[in-house]
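Chains as they are written, first to last, in the numbering used here: chain A, 1 to 222; chain B, 1001 to 1868. See structure below.
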C-alpha cells in the first residue's frame, strides 16, 4: 500500500507530512527529518547493553527510500543526527560512509542538536554540511529546538512529540507532527527513540504519523 | 559435636533463658543440636514463637564452645544485667545504619572480657527479605550474644546502608551480618569477597516462604550455591511459615548438594475467624471492592481495642479507608496511621515505632505489615474484604494474640455480599489448615545472566565450574547446554553468535583465563542495578522542599498533569512538576481526588479458598454454623430461584439476553486470572468456528462473554470449548500476546541488564544509555527474534499472567463435571458483579492500526465537542 501523506500550507509554502515521520518541502526538493539519533545501538553495546545492530541500518534504508521516491536533492536533519559521540569502529560510522558514497549527488545539511554537540565537527564537515546555528531559509528557519525565531517560521525537532490516545482503542502512544503558531515540531525519525507527551494548547494542530498514513487529530482542549 | 564444651555452652543458654523467665522450646533445642551436629535444615514456626533464637543460637553456641570453654561467666547470676544491656543495645539500634560504630564500641567494651580475643571474620549471614526487618533483628540477635558474653559484632547491610559503612564492612566485616538477598548478591560482586565469605559457617534465610516462588528467591539460590562452593561445610538454615510443600521448599533451599531436616515448632495456636455481618443483606452491594458501607461498624470495633491493625488488599483501598476513618472521627487524626509499600521507608519506620510504643489506635495497612517483627500491643486485626487466600488470613490473624495461650483472632469485613461466603469458607479452610503451596520458579535466564555478570564483576568465573555450580541449584538443575551457551553468549557477545552485536563488551576473558567484566564502569553500573529485581518503575514523591513522601508508579503520574490533585499517604496532594524521576507536590485543599492504583494489588482468589467457597455453597447443611451464611441466605435463595447455586458437581452456566446483546456467564471458580484465561480461550475457539466478536470480563468466580449476536450454547459445544487439547496454542492465539509479553518483558529487561534505569538524582550521567524496555522489546523482536529472553517473557506470561497450570488443571477437573445451563430472567446475584465491573473488558478484535486510530480520533472528537 502506498503511504498517504498529508499536505499542509505554512507561510504560503506547501509542506507534505509523510507517515515515515518526515517532512517534504516539494518547492525545494528537500526532505526534512529530525532526531534520528543514529549510532544509539553502538553506544549501548559499548556500554554492555546487548542491543542488536539493525535499527540504524533500517533507518538509513528508510532515508534512501524517501529520497529516491520523492526525487529529493537535499536532506536536512534538524538536530540529534547522532545519539552521542562516535568512536572509531562504530558500525554506524561505516554504514554512513558507504551510504554517503552511494548518494554523492545528495546535499546533506545537518543542524547540530544537543546530542551532536560534543562530536568532532571536522570529521563530519568532510561528509556533510555541519551547521552549529539554525539555517535561515525564508520563509522557514530550520532549527533543532522549537522556539519562536525573528527571521521566520521554525521547523524543529528535539522534543519527540507523541500523543497518548485512549487506551480502550488500543492505539496507545502515537508519534505526531505538532503544529503551533511559531513552529512545527517533527516527530523523531529514529526508530530507537522514545517520546514525550505534547502539552496541547488552543490553536495547535496535531497530525498522527502512522505506518501507512498521516491522520489529522482533533485537538482535545477545553 | 557433643563434647563437654558444647554441653556447657548449652547449659549457659538454658540458665540465661531461665533468668529471663523463659525456657527453651523442644524445637529450639533440636535446632541447636542439629546445628552443632553440622546439619542444615528448615525451621517451620509461626512468627513470635522463637524461631529467631532457634536458628541464631546454633552458631552462637558453637562459637561459645570453641572459644575458651572454661572461661565463661555463669550468666544466671546477672540476668538483670543482661536485660539492662539489652535495653541499652535496643536504644543504640535506632540508627544502626547511620552511626553503628558508637553503639558497637560501647557494646564491645561492655560485653567483652578484656582477655577474650575478638574473633575475626564473617561467620553468619542472616538473610531477610525485608529491609524494614533488618534493623529490628539487630537488637534480637545482639541480645543473647551480649548476655552470653560472646564478643561478636552484629551489623546490618541493606540498600539503605551508607557507602562508607559498606566500605568499612568490606574491609573489616562484622561477625554476623543481616542482609537482604540483593545485598548478599552484591557482596559477590567484589573481588575481595572471596576471602571474607570463605570463613562463613552459617547462612540463615529468614521468611524463606516469602522468597520461594519469586525471582529474588532464585537469585538467593544462586548466591547460596556460590557460597557452598566457597565453603562446602557451610550450614544453611531456613525459617519458614507453614506451607503444604515444606519438603519441596527445603529442597529448593539446599539445592542438590546436601541433605537437610525439617524441624517444626509444635504450635497449635487457635485462630478465630469472625466477621461483621451487615444487618440487612438486601441493601448490601452484590459487587465492588471498596466496601465503606460498614464504616460505622468498623469504627465501633476499633473503639473496643487499644490497638488495631486494619488490613486491606490494595494500596488504593488502604488510602480510601484511611481517609474515611479520619473523616468520620476527626479526633483520631493523630492516632490513626497509614502504612503501605509506597510510603517512604522512614515514614513507615516512624509509624512502626509508634505502633510498638502503643501510641497508635489503628494502623491502616496492606501486605506491608504482613511480615515483620511483632507488635505486642496489637490487640485486634481487621481484614477489609476477602483475604483471597488461607495462608494470608492465617498470617494476618497471627499479628494479634501474642499472649501465651490466647487465640489469634481476625475480624473480617465483607465489601460485598459474596464475600460473606468467602469468609465462612475461609473459616473452614483455616480450621482444616488448607494452605496454599508456593511453587518455586525454574530456569529464569534473566536472573542467571545477572548472577554471571555479578561474579564477573567480582572474583571472575570459570565457565565449567560455574555451570556445575548453577546446575546444583533447584532452579537451574534442568538448564540445558544450549540455554547455558546462549546465556554465556549473551554476556560475552550480546546475543547468539549469528546475530549482529558488533563491539559489544560486557564480560570478557581476562589474562588469567577467568571471565571478568570488561571494565570498571560496567562493573559499577551492574552493582547499581543489582537491587532492582523487586522494584517497579517507580517515581519518588517529594514535597517542594525536597523531603520524601514515598513512591508511586510512573504510569500513574504519567496520566496526571501539573495542577492535578491525587490522594497519597493519606493526604491530598497537588502535582507541581515532574523532574528526574521525581514528582514534586504540595498540599491541596481539593476534596475529591484520584487515588493511585498500584499494579499487582489485586490478588486472585487462591485455589484452596475457591474450592472451599464451592464446597460451602454446595453444602447447605453447614450453613447454620456460620452467621455469614445465615445473613446471605436471602441472596442465595434468589440465586437458586432464578438459576442455581454453583457446586463441585456441576459447572453453572447462565444465559441472559439484554439490550446489550447475548450474555453468557460461566462460573468455574478459578480466580480472576485463570477465569479470564478460560474466557479468552472459549471466545477464541468459538470465534474461530464462526466469525464473531466477544467482549470478555472475569472475576474470581467466573467470566462473562458478551456478543451482539446470539450465542449458540449446548453442553457439547461448551465441553468442546473447554477442552484441554491444544490448550497453550489456543490460549496464546486468543490473547494479545504481544502486548502482555511486552509488559512482562519490563522486569526481564531490567534484571538481565538490557535497560538501565538510572537512579533518581543521578539520572543524568546515564541518560544516554537509557531506553524503555518497550523499545528494546521491539528491537529484539525485529532484529533478534530468537533471543531467549523473548521466549522467557512469553513463558512468564503463560505462567504468571494467565496462570497456565491452574487453567489446565481446572479444565481437567471441569471435564469430569456436568454442565448445568440455566436461562435466568435477569442478571443473577452471581452475574451482576461481573456485568457491573466490566472494567477489565478486553475485546477479541481483528481491527488494524488504521481502524483503531480512526476510532480513537472519533472518540477524541466526541470529547472535544462535549468540552466546547
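Glycine is no exception: its CB is placed at the ideal position from the N, C-alpha and C atoms.
Can you determine whether any heavy atom of the ligand PLP sits closer than 7 Å to the C-beta of residue i, and answer yes or no?
i                      : result
residue 1774 (chain B) : The ligand PLP is absent from the structure shown, which contains no ligand whatsoever.
Start and end of the alpha helix (DSSP H) containing residue i?
i                      : result
residue 55 (chain A)   : 55-69
residue 1502 (chain B) : No alpha helix (DSSP H) holds residue 1502 (chain B); DSSP gives it neither H nor E.
residue 1627 (chain B) : 1627-1642
residue 1217 (chain B) : 1215-1230
residue 1352 (chain B) : 1345-1356
residue 1809 (chain B) : 1804-1815
residue 1272 (chain B) : Segment 1271-1275 is the beta strand (DSSP E) holding residue 1272 (chain B); no alpha helix (DSSP H) there.
residue 210 (chain A)  : Neither: residue 210 (chain A) is in no alpha helix (DSSP H) and is coded neither H nor E.
State the start and end residues of the unbroken beta strand (DSSP E) segment that holds residue i.
i                      : result
residue 18 (chain A)   : 13-18
residue 1058 (chain B) : First-last for residue 1058 (chain B): 1051-1066, but that is the alpha helix (DSSP H), not the beta strand (DSSP E).
residue 1383 (chain B) : 1380-1384
residue 1491 (chain B) : Per DSSP, residue 1491 (chain B) belongs to no beta strand (DSSP E); it is in the alpha helix (DSSP H), 1481-1493.
residue 1697 (chain B) : 1694-1698
residue 216 (chain A)  : 214-217
residue 1583 (chain B) : 1582-1587
residue 1801 (chain B) : Counting along the chain, residue 1801 (chain B) falls outside any beta strand (DSSP E), and DSSP gives it neither H nor E.
residue 1703 (chain B) : 1703-1707
residue 1044 (chain B) : 1040-1044
Do you know whose CA, among the options, lies nearest residue i's CA?
i                      : options                        : result
residue 13 (chain A)   : A:6, A:21, A:25                : A:25
residue 1821 (chain B) : B:1671, B:1504, B:1666         : B:1666
residue 15 (chain A)   : A:128, A:155, A:127            : A:155
residue 1221 (chain B) : B:1462, B:1436, B:1389, B:1448 : B:1448
residue 1130 (chain B) : B:1183, B:1502, B:1009, B:1733 : B:1183
residue 1212 (chain B) : B:1135, B:1249, B:1512         : B:1249
residue 1608 (chain B) : B:1252, B:1390, B:1334, B:1292 : B:1390
residue 1417 (chain B) : B:1628, B:1491, B:1569, B:1340 : B:1628
residue 1491 (chain B) : B:1460, B:1473, B:1471         : B:1460
residue 1832 (chain B) : B:1576, B:1642, B:1708, B:1750 : B:1642
residue 1770 (chain B) : B:1678, B:1749, B:1712         : B:1749
residue 1144 (chain B) : B:1056, B:1261, B:1384, B:1247 : B:1056
residue 1816 (chain B) : B:1707, B:1756, B:1458, B:1647 : B:1647
residue 75 (chain A)   : A:153, A:52, A:48, A:106       : A:106
residue 1176 (chain B) : B:1626, B:1126, B:1718         : B:1126
residue 1388 (chain B) : B:1519, B:1435, B:1008, B:1362 : B:1435
residue 229 (chain A)  : A:48, A:85, A:42               : In the structure displayed, chain A extends from 1 to 222; residue 229 (chain A) sits before or after that span and is not available.
residue 1321 (chain B) : B:1488, B:1167, B:1571, B:1253 : B:1571
residue 71 (chain A)   : A:139, A:103, A:191, A:203     : A:103
For residue i, is the classification buried or exposed, using 16 other Cβ atoms within 10 angstroms of its Cβ as the cut-off for buried?
i                      : result
residue 1842 (chain B) : Residue confidence is low: residue 1842 (chain B) scores 41 on pLDDT, short of 50, so the model does not pin down where it sits. Its coordinate-derived value is still stated next. Per the 10 Å Cβ criterion, buried.
residue 208 (chain A)  : buried
residue 1544 (chain B) : exposed
residue 1380 (chain B) : buried
residue 1233 (chain B) : exposed
residue 1620 (chain B) : exposed
residue 1103 (chain B) : Low per-residue confidence applies at residue 1103 (chain B): pLDDT is 36, beneath 50, and the placement is therefore not dependable enough to give any value.
residue 1782 (chain B) : exposed
residue 1870 (chain B) : Any answer about residue 1870 (chain B) is impossible in this case: the structure gives chain B only from 1001 up to 1868.
residue 1023 (chain B) : exposed
residue 1172 (chain B) : exposed
residue 115 (chain A)  : buried
residue 1725 (chain B) : exposed
residue 27 (chain A)   : exposed
Using a cut-off of 8 Å between C-beta atoms, extract the partners of residue i located in chain D.
i                    : result
residue 91 (chain A) : Of the chains in the structure shown, none is chain D; the protein chains are A and B.
When the Cβ atoms of the segment 1187-1200 of chain B are set against those of the segment 1227-1247 of chain B, are three or more pairs found closer than 8 Å?
yes
With a cut-off of 8 Å, do at least 3 Cβ pairs link the segment 1468-1479 of chain B to the segment 26-38 of chain A?
no
What ranges does the beta strand (DSSP E) occupy inside the segment 103-153 of chain A, keeping only unbroken runs of at least 3 residues that lie completely in it?
107-111, 129-131, 135-137, 140-142
Under 8 Å: do the segment 1510-1523 of chain B and the segment 67-83 of chain A share three or more Cβ pairs, one atom per stretch?
no
I want to know whether the segment 1650-1662 of chain B touches the segment 1628-1640 of chain B - three or more CB-CB distances under 8 Å.
no
Threshold first: 3 residues or longer. Then list the beta strand (DSSP E) segments lying entirely within the segment 1410-1459 of chain B, N to C.
none
Cβ pair count under 8 Å reaching 3, the segment 1295-1310 of chain B against the segment 1460-1471 of chain B
no
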